[in-house]
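Line order of the protein sequences matches chains U and Y.
Going by the numbering used here, the first residue of the first sequence is number 414, and it counts up by one from there.
Going by the numbering used here, the first residue of the second sequence is number 414, and it counts up by one from there.
We put the CB at the ideal spot given by N, CA and C, even for glycine.
Computed from a prediction, not measured in an experiment: that's the story for all the values here.
What follows is a short report on a single structure.
Number of protein chains: 2
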Amino acid sequence: MRYAFQVQYIGKNYAGSQIQLENGKEIDTPTIQGELEKALCKLTCGKSANNNKRQIKTYFSGRTDKGVNSIGQVVHFELEQMIVASKFVYSLNEILPDDISVSDLRVVDTKFHAQKSAKKRIYRYEFINRKYKNAFDGDLMRVKFDINLERMQKSLDYLLGEHDFSSFKSSGTLNPSKVCIIYKAECLKSGDKVIINIEGNRFLYNMVRTIVGTLLEIEGHNLPPEHMKEVLEAKDRRKAGQTVSPYGLTLMKVEY
Amino acid sequence: MRYAFQVQYIGKNYAGSQIQLENGKEIDTPTIQGELEKALCKLTCGKSANNNKRQIKTYFSGRTDKGVNSIGQVVHFELEQMIVASKFVYSLNEILPDDISVSDLRVVDTKFHAQKSAKKRIYRYEFINRKYKNAFDGDLMRVKFDINLERMQKSLDYLLGEHDFSSFKSSGTLNPSKVCIIYKAECLKSGDKVIINIEGNRFLYNMVRTIVGTLLEIEGHNLPPEHMKEVLEAKDRRKAGQTVSPYGLTLMKVEY
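So, in structure tokens, the structure goes:
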């Protein structure tokens, strides 16, 4: 039977979502996938389980980097035995570390693949826009100069539709195609927090964080929103802004 | 000149708000007051300052325990020199640890006293009401059984007005009077979070946390809301529920 569930995590204490290999061997560093597979095995493999071998393999909708959070990451895996969903989710959550949880377990078709079947990913980036520090800012980046939300929205509007996003990719991208479709890109304010919601069919490595870095360059240097269009059309990473901190980034939802 | 400001903090990493003395000597444990006085001295005492002596004494509206947070704690102190408020607050925040911040600095009358002049304190207690864990629950207590919000509100209604709250005080209370006036006591839900707002002229040691523990006893054992009245009238700490975790408690505001 193939199962899928949603996984929530705070990325701060992990080297990223995926188990990392070096010369075909796992690197001993905490990852979301590593913790999830360990917990799944504890629950289902029985006492004879060889803990050094990955007995239950999990497939993520996509990798998230060190420090990136998730509310709606989707993961699928296969199990031979039948399970009672509510009991299974409860027990798995009790085994998992405090900063990782699972929900919405369901049986899926064997053709379903968390990564390959995904049609849309929704990310959110949050940062603080305030001169002064506040004890409750947590790990969010703080931007001290005033953000012009209207201009920021105009900058984001240039990203809508199908484009080659080469300017916003970091060098690690494996997939040769740099074309993504952006369905939605909006910014809003909630108190001192600026929230940027971006929906797309796929995202390149560090793409959202580099888009935010470019938005901040426009705001910080009082550039016209058209600067975003120029960066996009240049297809040159050197034209875009910095890749901002991962702590404000959250994978909100994956649609199928 | 006497100044007052608001202080925000996350109580988790501190032994409480107040510097703790043992035989007249300060115990070497991190407190909000200790960090604040250190930072104030760094900013104003000059290089000749004796760091082992408390050169600027701060007065809090009231003490908060280890683990309790603040959004609106009010603190007053005296300084000989004139200061530029916005610059002073900015610099002080840069010196303070990430989980402590100050805001709203103003000059006050020399008759103003952060504790003695306070007329009303507003506290908030938050906990999670959900069977399953979620990675974003943080340090909030999780209650697994269903909360009946309507009954909880009825229980809270018995606290309104002037009462002897002996049943809800922990033994450490110094002030001999146990009479407090509660102006408001409401509960509401935001997603999976239950929020309890309580406003009163003063609060006894651990009073809010013991009120919440009693509410949970009523909910967990399906007692009638009148149980709150019985506990209140008994003036006996043994009749009340447990003192719940401090992590969900926040001092929201102090009114003068």
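Exercise for the section: Taking residue 560/Y and residue 607/Y to be in contact with their CB atoms under 8 Å, please state how far apart those CB atoms are, rounded to whole angstroms. Expected result: 6 Å
Practice task
Could you work out which residue in 421/Y, 419/Y, 446/Y is closest to residue 429/Y when comparing CA atoms only?
Solution key: That would be 446/Y, whose Cα lies nearest to the Cα of residue 429/Y.
Practice task
For residue 546/U, return the contacting residues in chain Y, with the cut-off set at a CB-CB distance below 8 Å.
Solution key: 506, 507, 509, 511, 514
Handout entry: Any C-beta of chain U under 8 Å from that of residue 423/Y
Key = Judged by the 8 Å Cβ criterion, residue 423/Y is in contact with chain U.
Handout entry: Partner residues on chain U for residue 503/Y, Cβ-Cβ distance less than 9 Å
Key = What residue 503/Y touches in chain U: 544, 545, 546.
Handout entry: Bounding residues of the beta strand (DSSP E) (the contiguous stretch that carries residue 503/U)
Key = Looking at the DSSP string, residue 503/U is not in any beta strand (DSSP E); the run it does join, the alpha helix (DSSP H), is 498-508.
Practice task
Check whether the segment 438-445 of chain Y touches the segment 419-429 of chain Y, taking contact to mean three or more Cβ pairs, one atom from each stretch, closer than 8 Å.
Solution key: yes
Practice task
Measure from the C-beta of residue 418/Y to each C-beta in chain U and report whether the shortest distance is under 8 Å.
Solution key: no
Problem - Min CB distance residue 473/Y to chain U below 8 Å - result: no
Handout entry: residue 655/U beta carbon near the ligand ZN (any heavy atom closer than 7 Å)
Key = Looking at this structure, you won't find the ligand ZN or any other ligand, since it has none at all.
Practice task
Check the Cβ of residue 558/Y against every Cβ in chain U and list those closer than 8 Å, keeping chain order.
Solution key: Those do not exist, as residue 558/Y stays about 14 Å from chain U at its closest Cβ, beyond 8 Å.
Exercise for the section: Taking 8 Å as the cut-off, decide whether the C-beta atoms of residue 532/Y and residue 614/Y are in contact. Expected result: yes
Handout entry: Of the residues 596/U, 583/U, 572/U, 650/U, the one placed nearest residue 641/U, counting alpha carbons only
Key = Of the listed residues, the one whose Cα sits closest to residue 641/U is 572/U.
Practice task
Taking only the alpha-carbon atoms, compute the straight-line gap between residue 540/U and residue 651/Y and give it to the nearest angstrom.
Solution key: The straight-line gap from Cα to Cα measures roughly 47 Å.
Exercise for the section: Could you check the C-alpha separation between residue 574/Y and residue 658/Y for me, to the nearest Å? Expected result: 26 Å
Exercise for the section: Would you please verify whether the beta carbon of residue 549/Y is less than 8 Å from any beta carbon of chain U? Expected result: yes
Problem - Euclidean distance between Cα positions of residue 648/Y and residue 480/Y - result: If you draw a straight line from the Cα of residue 648/Y to the Cα of residue 480/Y, it is about 27 Å long.
Handout entry: Alpha carbon of residue 603/Y to alpha carbon of residue 475/Y, nearest angstrom
Key = Each residue's Cα considered, the two are about 28 Å apart.
Practice task
Grab me the residues of residue 619/Y's own chain with a C-beta within less than 6 Å of its C-beta, minus the 5 sequence neighbours each way, in chain order.
Solution key: The answer, listed in chain order, is 583, 656.
Practice task
Assign residue 644/Y to buried or exposed, taking buried as 16 or more other Cβ atoms, counted over all protein chains shown, within 10 Å of its Cβ.
Solution key: buried
Exercise for the section: Using three-state DSSP, classify residue 590/Y as helix, strand or coil. Expected result: coil
Exercise for the section: Would you tell me roughly how many angstroms separate the C-alpha atoms of residue 520/Y and residue 504/Y, rounded to the nearest one? Expected result: 18 Å
Handout entry: Own chain partners of residue 595/U with C-beta closer than 6 Å, once the 5 adjacent residues on each side are dropped
Key = 572, 573, 613
Problem - Option nearest residue 511/Y by Cα separation, candidates 470/U, 452/U, 551/U - result: 551/U
Practice task
List the endpoints of the continuous alpha helix (DSSP H) containing residue 644/Y.
Solution key: For residue 644/Y, the uninterrupted alpha helix (DSSP H) run begins and ends at 639-647, by DSSP.
Problem - Contacting residues, own chain, Cβ-Cβ under 8 Å from residue 558/U (five flanking each side not counted) - result: 632, 633
Problem - Beta-carbon contacts of residue 661/Y that lie in its chain and below 6 Å, excluding the five residues immediately before and after - result: 538, 539, 540, 553, 554
Exercise for the section: Using the Cα positions of residue 590/U and residue 666/U, report the straight-line distance between them to the nearest angstrom. Expected result: Cα to Cα, the separation comes out at about 23 Å.
Exercise for the section: Leaving out five residues on either side along the sequence, give the residues of the same chain with a beta carbon under 7 Å from the beta carbon of residue 448/Y. Expected result: 509, 510, 513
Practice task
Excluding the 5 residues preceding and the 5 following residue 433/Y in the sequence, name in chain order all residues of the same chain whose CB lies nearer than 8 Å to its CB.
Solution key: Contacts found: 439, 440, 442, 444.
Practice task
Report the three-state DSSP secondary structure of residue 493/Y (helix, strand or coil).
Solution key: Residue state, collapsed to three classes: coil.
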